[in-house]
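Below is one structure; the comments refer to it alone.
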Amino acid sequence: MSHYWSLSAAWLVFACGTAFADPESPESPISAPPSPNPSSAALDGDPLGPDGETLERAPVLPSETPSGRLPTEGAIPESHHPFHEPLPSNVLRPGSVAVYSAQLPAWKCRQELIKRKLPFARDPRPTPGVATAVRLQGPIRGVQFLAPGNKSPYGALDCRLALALDALAEVLVDHGVKLARVDNFWRPGARLPGSKKKSQHNYGLAIDLMGLQLNDGRELDVEDHFLGVIGAPACGGGAVMTAPDERAIVLRNLICDLARRGIFHVLLTPNFNEAHKNHFHLDIKRDSPAWIIR
Numbered sequence: 003m004s005h006y007w008s009l010s011a012a013w014l015v016f017a018c019g020t021a022f023a024d025p026e027s028p029e030s031p032i033s034a035p036p037s038p039n040p041s042s043a044a045l046d047g048d049p050l051g052p053d054g055e056t057l058e059r060a061p062v063l064p065s066e067t068p069s070g071r072l073p074t075e076g077a078i079p080e081s082h083h084p085f086h087e088p089l090p091s092n093v094l095r096p097g098s099v100a101v102y103s104a105q106l107p108a109w110k111c112r113q114e115l116i117k118r119k120l121p122f123a124r125d126p127r128p129t130p131g132v133a134t135a136v137r138l139q140g141p142i143r144g145v146q147f148l149a150p151g152n153k154s155p156y157g158a159l160d161c162r163l164a165l166a167l168d169a170l171a172e173v174l175v176d177h178g179v180k181l182a183r184v185d186n187f188w189r190p191g192a193r194l195p196g197s198k199k200k201s202q203h204n205y206g207l208a209i210d211l212m213g214l215q216l217n218d219g220r221e222l223d224v225e226d227h228f229l230g231v232i233g234a235p236a237c238g239g240g241a242v243m244t245a246p247d248e249r250a251i252v253l254r255n256l257i258c259d260l261a262r263r264g265i266f267h268v269l270l271t272p273n274f275n276e277a278h279k280n281h282f283h284l285d286i287k288r289d290s291p292a293w294i295i296r
């Protein structure tokens with residue numbers, strides 16, 4: 003990793019001292035698959051639409067958001083859960099994480115990473131479409147992100163998404179998560195299905211999240227445990243699951259809490275379409291006034 007730590011007048015290198023590593027080889031960078039997950043490579047519907055349409059209400063601040071409660075293992079699920087609570091407005095407040103992060107110029111984003119001492123380092127290799135490419139070098143707020151390693155292009159991300167990941171990690175901590183499994187960030191040339199419009203993955207501003215591990219060791223796999231229905235609401239009173247599974251409740255409470263906090267502009271779940279059956283797609287987008295979860 004030494005090639006990530008060069009200094010220049012325009013960039014002050016920052017990072018954590020411990021490299022992000024494969025659990026079975028603590029001192030080796032994680033190896034990435036030759037290509038991202040086939041399902042996620044075909045995703046990225048754009049529910050906001052090309053005009054970034056504005057919806058009606060304003061979201062609650064993170065401090066106003068009820069914290070997700072984790073059912074104990076083996077607990078009998080109740081009929082009403084935090085994910086059933088009504089969603090706040092789809093109109094993002096100017097100070098929300100999504101709006102603030104997406105609008106930052108490159109120089110200010112780099113300063114913010116340094117100020118927060120976040121474990122990212124500059125990626126000096128060519129990353130067409132990514133304004134300021136960085137690579138994750140360690141846990142964020144104690145949460146390990148198991149992502150493509152240094153040899154894979156899919157492990158690069160934009161500095162602005164890195165700030166959103168800091169807020170994402172805070173939510174994960176609140177829900178008792180210690181590890182997040184990431185399929186990819188940057189996908190060069192990625193476009194929306196059936197369109198010439200570029201996906202946010204093309205800019206390193208999206209993350210495909212495959213699964214999570216809780217502090218007690220339980221695994222939450224999006225494909226196996228979301229238990230949603232295509233076309234049904236992911237959150238709110240109309241949200242349904244195909245079975246009252248305890249892990250599904252934990253996973254659903256988490257993604258709906260994440261939606262309420264205004265960290266991302268677009269959150270796509272297995273309820274959106276078949277291409278999202280095994281992951282959550284989360285992205286930020288410059289000049290977008292609203293957020294949506296499907």
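In the working numbering, the protein residues as written are 3 to 296.
Here a beta-carbon is modelled for each residue, glycine too, at the ideal position from N, C-alpha and C.
Item                                                                                                                                                    : Value
Quick check on DSSP: helix, strand or coil for glutamine 215?                                                                                           : strand
Measuring CB to CB, does isoleucine 295 end up less than 8 Å from threonine 271?                                                                        : yes
For the pair the region 194-201 and the region 169-176, tell me if three or more CB-CB distances fall below 8 Å.                                        : no
Answer with buried or exposed for asparagine 217, where buried requires no fewer than 16 other C-beta atoms within 10 angstroms of its C-beta.          : exposed
Please report the residue range of the alpha helix (DSSP H) in which aspartate 168 lies.                                                                : 161-176
With a Cβ-Cβ cutoff of 8 Å, do lysine 180 and valine 145 count as a contact?                                                                            : yes
How would you label alanine 277, buried or exposed, when you count the other beta carbons within 10 angstroms and need 16 or more for buried?           : buried
Which value, in whole angstroms, describes the spacing of the CA atoms of threonine 244 and proline 150?                                                : 32 Å
Could you spell out where the beta strand (DSSP E) holding alanine 182 opens and where it closes?                                                       : 179-186
Compute the Euclidean distance between the alpha carbons of arginine 137 and glycine 157, then round it to the nearest angstrom.                        : 7 Å
Nearest-angstrom Cα distance between alanine 261 and proline 235?                                                                                       : 13 Å
Please confirm whether alanine 100 and histidine 281 have their CB atoms less than 8 Å apart.                                                           : no
Give a yes or no on whether the C-beta atoms belonging to histidine 86 and glycine 238 are separated by under 8 Å.                                      : yes
Looking at threonine 134 and isoleucine 112, is the spacing between their C-beta atoms short of 8 Å?                                                    : The residue asked about is misnamed: residue 112 is arginine in this sequence, not isoleucine. Yes, these two residues count as a Cβ contact at 8 Å.
Is leucine 207 closer than 8 Å to arginine 162 when the C-beta atoms are compared?                                                                      : yes
Identify whether glutamine 139 lies in helix, strand or coil by the three-state DSSP scheme.                                                            : coil
Please determine, among Pro96, Leu106, Met212, the residue with the shortest C-alpha to C-alpha distance to leucine 253.                                : Met212
For the putative contact between alanine 250 and leucine 229, defined by C-beta atoms under 8 Å, what is the C-beta separation to the nearest angstrom? : 4 Å
If we ignore side chains and look at the alpha-carbon of each, how far apart do arginine 288 and asparagine 273 end up?                                 : 25 Å
Who pairs with glutamine 146 in a beta bridge, going by DSSP?                                                                                           : Leu181
If I follow the unbroken beta strand (DSSP E) through valine 268, where does it start and stop?                                                         : 268-270
Compute the Euclidean distance between the alpha carbons of leucine 120 and glutamate 114, then round it to the nearest angstrom.                       : 9 Å
Tell me whether valine 242 is buried or exposed, calling it buried when 16 or more other Cβ atoms sit within 10 Å of its Cβ.                            : exposed
CA-CA distance, glycine 233 and threonine 129?                                                                                                          : 35 Å
Measure the CB-CB distance between valine 184 and leucine 148 and report whether it falls below 8 Å.                                                    : yes
Helix, strand or coil, according to DSSP, for leucine 115 in the structure here?                                                                        : helix
Determine the burial state of serine 103: buried for a count of at least 16 other Cβ atoms within 10 Å of its Cβ, exposed for fewer.                    : buried
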